Amino acid sequence: MKVKNLMEKPAFRKFGGIIVLYAVVQLLISVGILNDYYFATIVTIGINVILAVSLNLITGFTGQFSLGHAGFMSIGAYFCAIVTLRVPGIPGFLLGMLAGGAAAAVVGLLVGLPTLRLKGDYLAIATLGMAEIIRIVFQNIEITNGAAGLSNLPKFVNWSWLFLFVAGITVLIVNFLHSSIGRACISIREDEIAAESMGINITRYKVTSFIIGAFCAGIAGALYATYFPIIKPDTFGFAKSVDILVIVVFGGLGSITGSIVGAVVLGLISMLLASWTDLRMVIYAILLIVIMIFRPQGLMGSREFSLAMLKRAGEQLNGLFHKKSKKEEN
Amino acid sequence: MSILKVEKLTKSFGGLTAVSNVNMYLDQGELVGLIGPNGAGKTTLFNLLTGVYKPTAGTVTLQRGGSDQVISGLKPSTICEMGLARTFQNIRLFKDLTVLDNVRIAMHKDVRYGLLSSFLHLPSFVREEKRLKEKSLELLRVMGLEDKKDELAKNLPYGEQRHLEIARALATNPVLLLLDEPAAGMNPAETARLTELIGWIRENYKVTILLIEHDMSLVMKVCERIFVLDYGMIIANGTPAEIQSDKRVIEAYLGEDVANA
């Protein structure tokens with residue numbers, strides 16, 4: 001009875017699931033079932049969730065095709081690493097996270113203002129170029145140690161920190177999308193001319209969405225640099241941007257839960273395939289092709305996963321079952 | 331008192347002059363029709379008024395709160411904020427969003443909470459969202475769409491999509507409403523209902539209306555004054571009766587319709 005009462009509370013319905021997830025993983029780690037190897041996969045998935053959700057905000061919700069997300073990630077990673085190498089302890093970690101996110105957001109603003117006037121393919125090429133410029137800059141300046149990258153980075157990220165950042169950013173972005181500013185962003189994807197004519201300043205909200213996305217990608221990069229000991233410019237190349245885009249498209253453009261499911265599923269697949277090094281990318285590619293043939297809208301389409309959806313599916317199954325049993329009766 | 335003044339407005343696309351030296355005015359509270367043969371430049375004129383196109387020459391002046399403001403050359407979103415709203419000939423709803431969201435988005439310019447509240451859903455957010463929702467539902471009720479609030483716009487029947495476009499335009503709280511062929515594709519019964527609705531909206535929302543329409547039954551019934559556009563030029567301006575007997579208009583295009591009327 002008490003459990004049922006708790007389940008009915010709106011706060012629990014909203015956050016209950018993720019709190020249970022946190023507790024279960026924490027338990028598995030403390031009893032040693034999830035070893036360091038598995039945890040590294042979890043960190044990668046968590047970082048990819050942030051990257052995919054934030055790219056989905058830009059591409060799936062605001063409709064701006066960006067191919068430079070890894071660029072923002074690298075800015076976050078390098079700014080954070082430069083801070084944590086100089087400021088010790090948790091203050092250094094938090095300062096580094098903030099610096100990483102803020103630096104990426106500033107670059108997002110500088111890049112967004114001129115390029116977001118472009119549409120479709122042109123924007124994709126401009127953002128791709130931007131990410132390459134960032135990579136080449138990091139490859140050639142001294143403070144980032146060139147192509148060798150920065151190493152011996154202090155490690156801060158544990159499950160609690162990871163969870164805090166991933167869940168926190170996801171909740172903030174979902175909240176944003178359910179606000180008037182979020183709806184204004186979505187209206188730009190739907191129809192720019194109509195949005196403009198209804199009083200939406202489209203340049204302003206494209207840039208807003210781009211900056212928020214860049215900030216989150218910066219945080220994701222900072223998490224990377226505070227878990228993995230080495231960062232190199234190559235880690236954040238064009239391939240990384242495409243990886244993120246693949247997760248978003250795979251999960252469904254315009255679905256936050258799709259991005260999360262996409263990051264988790266693709267993360268697990270790539271872990272399971274890790275032992276077949278040669279065939280790994282081939283199988284991965286075939287899987288993607290199959291999914292795109294049978295579900296071109298991605299796993300979730302533009303819908304969100306919810307308990308109500310499960311219930312509906314259950315009712316449909318139930319309905320089928322009842323029809324069958326009725327037929328049998330006849 | 332003119333609420334809208336258009337002076338020597340011209341728009342050329344390369345060598346083609348789609349709108350040429352147009353002068354027109356709308357008085358406060360008027361319901362005015364804009365007619366003309368296909369390709370006469372009616373929609374181009376709307377696009378110039380709403381800022382979708384920048385004029386090659388000429389000015390558009392909107393009067394609001396006792397002061398004249400030149401709106402030609404401004405951004406569409408700024409023009410909308412100044413009180414000019416429109417619907418589209420080829421329906422431009424936010425198709426994959428719900429009916430309610432379509433209307434709420436049009437109220438965005440009046441929303442009184444910022445970015446921080448959007449992220450954190452602070453009390454100001456909750457209050458304001460409630461107000462938005464109530465106001466939107468009221469508009470939907472007026473347009474007979476209240477029970478469809480959770481449908482996706484693309485799933486509405488054609489006539490209701492046109493109604494939703496009007497609801498969305500009204501949600502921006504306009505002083506001047508431009509309707510681009512609101513009755514296109516409607517059957518006579520739907521058109522009759524729309525005709526009534528347009529009159530009702532003008533009375534209740536104290537809004538001036540300019541409408542493009544090919545359906546003469548609607549135009550002649552509701553419009554107090556009509557502008558006729560042909561080859562980008564205004565060739566006549568007057569009451570429906572005057573327009574029906576205007577020789578140039580009959581020559582240009584009304585001939586058959588008037589003969590049948």
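First to last, the protein sequences are chains A and B.
At position 46 of the first sequence the residue is numbered 46 (our numbering), and the sequence of numbers has no breaks.
Position in the second sequence (first residue = 1) + 330 = our numbering.
C-beta: ideal position from N, C-alpha, C; glycine also.
Quick caveat, the model's predicted, so the values are computed rather than measured.
query: Would you mind giving the Cβ-Cβ distance between Gly-298 of chain A and Gly-267 of chain A, rounded to the nearest angstrom? I have them listed as a contact below 8 Å.; result: So it is not a contact: roughly 16 Å between Cβ atoms.
query: Return the first residue and the last residue of the beta strand (DSSP E) that Asn-351 of chain B is part of.; result: 346-357
query: One question on the structure: do Gly-182 of chain A and Thr-502 of chain B come within less than 8 Å of each other, judged by their Cβ atoms?; result: no
query: Tell whether a beta-carbon distance below 8 Å holds between Ile-75 of chain A and Val-25 of chain A.; result: no
query: For the stretch 189-201 of chain A, list every residue whose C-beta sits within 9 Å of some C-beta in chain B, in sequence order.; result: Arg-189, Glu-190, Asp-191, Ile-193, Ala-194, Ala-195, Glu-196, Ser-197, Met-198, Gly-199, Ile-200, Asn-201
query: Let me see if you follow: with CB-CB separation under 8 Å, is Arg-280 of chain A close to chain B or not?; result: no
query: Can at least three beta-carbon pairs, one atom from the stretch 246-262 of chain A and one from the stretch 53-66 of chain A, be found at a separation below 8 Å?; result: yes
query: Tell me, please, whether the CB atom of Arg-117 of chain A is closer than 8 Å to any CB atom in chain B?; result: no
query: Go through its chain and collect everything with a Cβ distance to Leu-462 of chain B's Cβ below 6 Å, but skip five positions before and after it.; result: Arg-434, Met-437
query: Can you name the residues that DSSP bridges to Ala-387 of chain B?; result: B:Thr-340
query: For the pair the stretch 421-434 of chain B and the stretch 191-207 of chain A, tell me if three or more CB-CB distances fall below 8 Å.; result: yes
query: Can you tell me the Cα-Cα spacing of Ile-283 of chain A and Val-265 of chain A, whole angstroms?; result: 14 Å
query: Would you check if there are 3 or more beta carbon pairs closer than 8 Å linking the stretch 371-388 of chain B to the stretch 551-563 of chain B?; result: yes
query: Which two residues bound the contiguous alpha helix (DSSP H) that contains Leu-57 of chain A?; result: Run containing Leu-57 of chain A: none; DSSP gives neither H nor E here.
query: Since Asn-567 of chain B sits in a beta bridge, which residues does DSSP pair it with?; result: B:Phe-557
query: Going by C-alpha to C-alpha distance, which of B:Phe-418, B:Gly-381, B:Pro-385 sits closest to Glu-411 of chain B?; result: B:Gly-381
query: Of the choices A:Thr-208, A:Val-174, A:Asn-48, whose alpha-carbon is the least far from that of Leu-450 of chain B?; result: A:Val-174
query: Have a look at Leu-527 of chain B and Thr-521 of chain B and give me their C-alpha separation to the nearest angstrom.; result: 10 Å
query: Step through the CB atoms of chain B and report whether any lies within less than 8 Å of the CB of Phe-332 of chain A.; result: Residue 332 of chain A is absent from the model: chain A starts at 1 and stops at 330.
query: Taking the beta strand (DSSP E) that Gly-363 of chain B belongs to, which residues open and close that run?; result: 361-365
query: Rounded to whole angstroms, what's the CA-CA distance from Leu-470 of chain B to Phe-305 of chain A? Just pull it up for me.; result: 28 Å
query: Using a Cβ-Cβ cut-off of 8 Å, state whether Phe-455 of chain B counts as contacting chain A.; result: yes
query: When you compare the CB positions of Leu-113 of chain A and Phe-165 of chain A, do they come within less than 8 Å of one another, or not?; result: no
query: Near Phe-138 of chain A, what residues of its chain come up, given a Cβ to Cβ distance below 7 Å and the 5 sequence neighbours on each side ignored?; result: Ser-74, Tyr-78, Thr-144, Pro-233
query: Please compile the residues from chain A whose C-beta is within a distance smaller than 7 Å of the C-beta of Lys-439 of chain B.; result: Gly-199
query: Indicate whether Thr-62 of chain A and Cys-185 of chain A have their beta-carbon atoms separated by less than 8 Å.; result: yes
query: Assign Glu-468 of chain B to one of two classes, buried (16 or more other C-beta atoms within 10 Å of its C-beta) or exposed (fewer than that).; result: exposed
query: Sort out for me which residues DSSP pairs Val-552 of chain B with in a bridge.; result: Val-552 of chain B is not bridged to any residue.
query: Check each candidate in A:Ser-197, A:Leu-109, A:Ile-141, A:Ser-209 and name the one with the smallest Cα separation from Gln-64 of chain A.; result: A:Ser-209
query: Can you tell me which of A:Met-271, A:Leu-288, A:Arg-295 puts its alpha carbon nearest to the alpha carbon of Tyr-351 of chain A?; result: For residue 351 of chain A there is no data in the structure shown, the boundaries of chain A being 1 and 330.
query: Over the uninterrupted alpha helix (DSSP H) stretch that includes Ile-409 of chain B, give me the two end residues.; result: 406-411
query: Helix, strand or coil for Lys-155 of chain A? Go by DSSP, reduced to three states.; result: coil
query: Counting C-beta neighbours from all protein chains within 10 Å, is the total for Glu-581 of chain B 16 or more, i.e. buried, or is it exposed?; result: exposed
query: What would DSSP say about Lys-484 of chain B, mapped onto helix, strand or coil?; result: helix
query: Taking Cβ positions, are Phe-455 of chain B and Ser-466 of chain B nearer each other than 8 Å?; result: no
query: Using three-state DSSP, classify Ala-402 of chain A as helix, strand or coil.; result: Coverage of chain A is limited to positions 1 through 330, which leaves residue 402 of chain A absent and any answer about it impossible.
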